[in-house]
Each structure stands twice: as C-alpha cells, then as structure tokens.
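Residue numbers (our numbering): 222 to 447.
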C-alpha cells in the first residue's frame with residue numbers, strides 16, 4: 222500500500238465567514254480569516270455582516286449630559302427628588318426574607334439634602350403619604366415647588382393625584398419627569414437609597430443582629446441611618 226492510500230484523507234471544512242466568526246469566539250473579521258486559514262478552513266466568498274451578539278455585548282448607554290438647564294435650588298422645597306426601590310433581605314441559607322412592606326420610597330430635598338422615606342406593601346401606596354407630606358410642608362411655610370421623578374406608573378399616579386381637585390391647592394409649580402433609563406437625572410434620590418441601606422446594614426451588623434431577624438427591624442435601622 223502506498224503512502225497516499227495509507228494516509229487518511231481529511232475532509233474539507235467549508236463555511237461562511239459568519240459561521241467561522243461564531244465558532245472562533247466572535248473575534249474580529251481579520252482575525253477570523255487568518256485563524257480559519259491556519260486551521261485549513263475554506264471560507265465562502267462574501268463580506269461579514271454585522272454580528273448582533275457582538276453589538277449587544279459592546280452596547281453602552283449613550284452619554285448623558287451632566288449639566289442641567291435648571292439652576293440648583295438654594296431654598297428648601299425648591300426641588301425635591303423622588304424614587305422608589307424594592308427592599309430585599311438575604312438570609313443565611315441563600316434565600317430572601319418575606320417582607321410584607323417592601324416598597325421603599327425616598328424623597329430628597331436638593332437644597333438641604335434632607336431625606337424622608339415611606340414604606341408600603343405596594344408601589345402606589347406612596348401617593349397619599351407624599352401628598353400629606355406636601356400639605357405639612359406648606360403649613361410650615363415651605364411649599365414643594367418642583368418634584369423630579371422617573372416616569373413610572375406609581376409616579377404618574379402621584380402626578381394625577383396632585384393635579385386632582387382634592388389636592389389642587391397642593392399642586393407644585395412644576396413636575397419634572399426624567400427620561401427613561403437615565404437615573405443620572407434623578408441622582409439625588411437614586412443614590413440615597415443604596416447609601417442609606419448600606420448604613421442600615423452596618424448598624425445591624427455592628428449590633429450583631431442575626432440575619433434571620435433583620436427583616437423585622439430593617440426599616441427601623443433605615444430610620445436611624447437617615
């Protein structure tokens with residue numbers, strides 16, 4: 222038997238550039254062609270089309286202008302920021318504690334950085350406490366003139382309530398809705414919740430409170446952190 226018949230003939234590997242790009246770990250087109258050549262692959266003619274998965278992996282949020290057309294408020298109540306977050310308490314076994322009142326609403330005054338908070342069973346429960354808070358602030362001579370918040374459903378409810386006949390006298394001078402997916406525009410409230418939550422966790426840890434008990438007193442710790 223001669224060497225040619227004794228040798229095992231390798232089957233030709235042929236594919237398009239998109240297939241090779243995927244098999245080689247989504248490297249760039251030039252590297253894909255060089256690697257395919259070294260491996261003995263035959264690539265069919267045609268240019269590479271944009272890879273959807275590479276585009277998703279490289280995608281990033283468009284730069285958001287950090288400057289605002291609104292001057293910073295220097296008087297209390299001039300502008301307040303509102304945000305809501307869902308509170309979770311991890312347990313030692315890896316699960317999460319069942320918290321009845323888990324929707325935490327924070328309000329931050331721009332001029333003084335003073336913070337207030339409310340907790341409810343549902344997202345929409347924040348509407349009444351905020352309206353009542355506005356009433357109290359107006360009674361002591363510090364009306365809330367502008368509220369800034371994201372365009373969530375609960376915040377739409379708040380806007381309608383403030384502009385209703387019942388709360389017409391409490392309507393602020395302006396309600397600012399931020400663009401979707403731009404937490405930078407509501408940073409006062411957005412950053413206050415994780416900051417206060419971190420302080421609360423530190424308080425609970427320093428007090429040697431067992432993890433399984435923390436869900437019962439987590440909001441008491443938050444109140445002290447504020």
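C-beta atoms are modelled at their ideal positions from N, C-alpha and C, and glycine is treated no differently.
Computed from a predicted model, the values in this text were never measured in an experiment.
Check: Rounded C-alpha distance that separates residue 425 from residue 416; Outcome: 15 Å
Check: Inter-residue spacing [alpha-carbon to alpha-carbon] between residue 370 and residue 376; Outcome: 7 Å
Check: Candidates 430, 245 and 418, of which the one nearest residue 306 by Cα; Outcome: 418
Check: Cβ separation of residue 330 and residue 348, assumed to be a contact under 8 Å, to the nearest whole Å; Outcome: Going by Cβ atoms, the distance from residue 330 to residue 348 rounds to 19 Å, so no, they are not a contact pair.
Check: Beta-bridge partners of residue 441, as assigned by DSSP; Outcome: Answer is none; residue 441 lacks a bridge partner.
Check: CB contact flag (residue 410, residue 328, <8 Å); Outcome: yes
Check: Reference residue 239; option with closest CA among 274, 233, 232 and 261; Outcome: 274
Check: Straight-line Cα distance separating residue 320 from residue 379; Outcome: 24 Å
Check: Rounded straight-line distance, which links the Cα of residue 362 to that of residue 335; Outcome: 16 Å
Check: C-alpha gap between residue 234 and residue 271, whole angstroms; Outcome: 23 Å
Check: Proximity of residue 298 and residue 366 at Cβ, strictly below 8 Å; Outcome: yes
Check: Backbone CA spacing between residue 232 and residue 276 [nearest angstrom]; Outcome: 34 Å
Check: Environment of residue 242 [buried if 16+ CB atoms lie within 10 Å]; Outcome: buried
Check: Residue 442 burial status per 10 Å Cβ neighbour count (16 or more: buried); Outcome: buried
Check: Environment of residue 386 [buried if 16+ CB atoms lie within 10 Å]; Outcome: exposed
Check: Cβ-Cβ separation, residue 324 to residue 344 (assumed contact under 8 Å), whole Å; Outcome: 5 Å
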